[in-house]
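K.L.:
In order, the protein sequence lines correspond to chains A and B. So the working numbering is basically just the index in the first sequence, starting at one, shifted up by 2. So the working numbering is basically just the index in the second sequence, starting at one, shifted up by 16. Sharing a structure here in C-alpha cells format.
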Amino acid sequence: MTLSAFDDALDVLVAIRAQGNREGADYRFPARLLADLDAVLARVNAERGTRKPGAYEPDPSRRTPGPLLVTSGIALMAVLSVLPTWAANTVASATPTVAPCVAAKGWLHNKPREAALIRLMYPECVAGSEQ
Amino acid sequence: MSQYTAGSLGDVAQMFEKFASTADDMAKHASTKRSQQFELGRASAWRDAAQMLRKTVIEPKP
Chain A
3 MTLSAFDDAL
13 DVLVAIRAQG
23 NREGADYRFP
33 ARLLADLDAV
43 LARVNAERGT
53 RKPGAYEPDP
63 SRRTPGPLLV
73 TSGIALMAVL
83 SVLPTWAANT
93 VASATPTVAP
103 CVAAKGWLHN
113 KPREAALIRL
123 MYPECVAGSE
133 Q
Chain B
17 MSQYTAGSLG
27 DVAQMFEKFA
37 STADDMAKHA
47 STKRSQQFEL
57 GRASAWRDAA
67 QMLRKTVIEP
77 KP
C-alpha cells in the first residue's frame with residue numbers, strides 16, 4: 003500500500019461523512035461516531051493546511067474513474083472482503099465470483115447512503131457498465 | 017514519510033475500527049439473519065482495512 007491508498011481511505015471517510023445520516027438510510031450512524039469522524043477529518047485538514055494552501059478537500063480528479071482508485075490496495079481489499087456478503091444479500095444467484103458491478107449495483111440499491119464507497123471503488127459500475 | 021503525522025494516521029485507522037465496531041453492534045441487533053450477515057461483512061471490511069493501514073502505512077516493517 004502506498005500513501006495514495008491512505009488518501010483513498012480518507013476519501014472514503016469524507017464521502018461517508020458528507021452523506022451522514024441523510025437519504026432515508028435504514029439505520030443511522032451513532033452521533034458520537036460522526037463527531038469522532040469530524041474531529042479526525044478536522045485534524046487532517048489542519049495538517050494538510052500547513053503544507054498546502056487551503057484546507058483538505060478531496061481532489062475532484064479522484065472522483066472520476068481512474069486506475070489509482072481501482073487498483074488501490076485498501077479499496078480492493080475492502081470490496082473483495084465483503085463481496086460474498088453483498089452478493090448473498092443482494093443478488094439471488096450470486097456467488098463470490100459474481101461480477102463486481104452486479105454486487106455493487108445491488109448494494110447501491112439497498113444502501114444508497116453508502117453508495118459513495120462504491121463510487122470510489124468501482125466508478126465504472128456507476129457509469130453503467132455491468133461487468 | 018508523508019504530510020501526515022503519526023497521530024492523524026492512527027486516527028484514521030482508528031476510525032475504520034470504530035466503523036467496524038458499529039457494524040458489529042448493528043449485527044447484534046439485526047432482526048434477520050440476512051441483515052446480520054450483511055453487517056458482519058461490513059464490519060469485516062472496515063476491520064481489514066484498518067489492519068492494512070496499520071501494517072503498511074503506520075507501522076511498516078523494514
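Cβ coordinates follow ideal geometry from the N, Cα and C atoms, glycine included. Owing to the predicted nature of the structure, the values given are computational and were not obtained by experimental measurement.
Is the CB-CB distance between Thr21 of chain B and Glu49 of chain A below 8 Å?
P.N.:
Stepping through the second sequence from its first residue, residue 21 of chain B is reached at position 5. Stepping through the first sequence from its first residue, residue 49 of chain A is reached at position 47. A contact, by the Cβ cut-off of 8 Å.
K.L.:
DSSP state of Thr48 of chain B, grouped into three classes?
P.N.:
As a first step, residue 48 of chain B is located in the second sequence; it is residue number 32 there, counting from the start. Here Thr48 of chain B sits in coil by DSSP.
K.L.:
Quick check on Leu35 of chain A - is its C-beta less than 8 Å from some C-beta in chain B?
P.N.:
Taking the first sequence and counting its residues from 1, one reaches residue 35 of chain A at position 33. Yes - at least one Cβ of chain B is within 8 Å of the one on Leu35 of chain A.
K.L.:
Taking the alpha carbon of Leu35 of chain A as the point to measure from, which residue in A:Leu15, A:Asn47, A:Asp9 has its own alpha carbon closest?
P.N.:
Indexing the first sequence from 1 puts residue 35 of chain A at position 33. Per the C-alpha coordinates, the member of A:Leu15, A:Asn47, A:Asp9 positioned closest to Leu35 of chain A is A:Leu15.
K.L.:
Can you grab the Cα-Cα spacing for the pair Leu39 of chain A / Phe32 of chain B, in whole Å?
P.N.:
In the first sequence, residue 39 of chain A corresponds to position 37, counting from 1. In the second sequence, residue 32 of chain B corresponds to position 16, counting from 1. Those two C-alpha atoms are separated by around 10 Å.
K.L.:
Between Pro60 of chain A and the rest of its own chain, which residues show a CB-CB distance below 6 Å, the 5 nearest in sequence each way excluded?
P.N.:
As a first step, residue 60 of chain A must be located in the first sequence, where it is residue number 58. With a pLDDT of only 48 at Pro60 of chain A, under 50, the local geometry of the prediction cannot be trusted, and the value read off the model is given with reservation. Only Asp13, Val16 meet the Cβ criterion.
K.L.:
Can you give me the C-alpha to C-alpha distance between Val28 of chain B and Phe54 of chain B, rounded to a whole angstrom?
P.N.:
Within the second sequence, the letter at position 12 stands for residue 28 of chain B. Within the second sequence, the letter at position 38 stands for residue 54 of chain B. Their Cα atoms are separated by approximately 23 Å.
K.L.:
Tell me, please, whether the CB atom of Ser24 of chain B is closer than 8 Å to any CB atom in chain A?
P.N.:
The residue labelled residue 24 of chain B in the question sits at position 8 within the second sequence. Ser24 of chain B counts as touching chain A.
K.L.:
Are there 16 or more other CB atoms within 10 angstroms of the CB of Ser24 of chain B, so buried, or fewer, so exposed?
P.N.:
Within the second sequence, residue 24 of chain B is the residue found at index 8, counting from 1. Burial call: buried.
K.L.:
In chain B, what lies closer than 7 Å to Arg45 of chain A by C-beta?
P.N.:
As a working mapping, residue 45 of chain A is identified with position 43 in the first sequence. The answer, in chain order, is Ser24, Asp27.
K.L.:
Distance check for Asn47 of chain A and Pro32 of chain A, CA to CA, integer angstroms please.
P.N.:
Residue mapping note: residue 32 of chain A aligns to position 30 of the first sequence, counting from 1. Residue mapping note: residue 47 of chain A aligns to position 45 of the first sequence, counting from 1. Going from the Cα of Pro32 of chain A to the Cα of Asn47 of chain A covers about 23 Å.
K.L.:
Can you list, in chain order, the residues of its chain whose CB lies under 8 Å from that of Trp62 of chain B, leaving out five sequence neighbours each side?
P.N.:
The sequence position of residue 62 of chain B within the second sequence is 46, counting from 1. Taken in chain order, the residues that qualify are Phe32, Glu33, Phe35, Ala36, Ala39.
K.L.:
Which of the residues in the segment 61-77 of chain B, read from start to end, lie with their CB under 7 Å from any CB of chain A?
P.N.:
Ala61, Asp64, Ala65, Met68, Leu69, Thr72, Val73
K.L.:
Asp38 of chain A touches chain B at which residues, Cβ-Cβ below 7 Å?
P.N.:
Along the first sequence, read from residue 1 onward, the residue named residue 38 of chain A stands at position 36. Going along chain B in sequence order, the residues near Asp38 of chain A (Cβ under 7 Å) are Met31, Lys34.
K.L.:
Check whether chain A comes within 8 Å of Thr38 of chain B, counting only Cβ atoms and requiring the distance to be less than that.
P.N.:
Taking the first residue of the second sequence as position 1, residue 38 of chain B is located at position 22. It does: the Cβ of Thr38 of chain B has a partner Cβ on chain A nearer than 8 Å.
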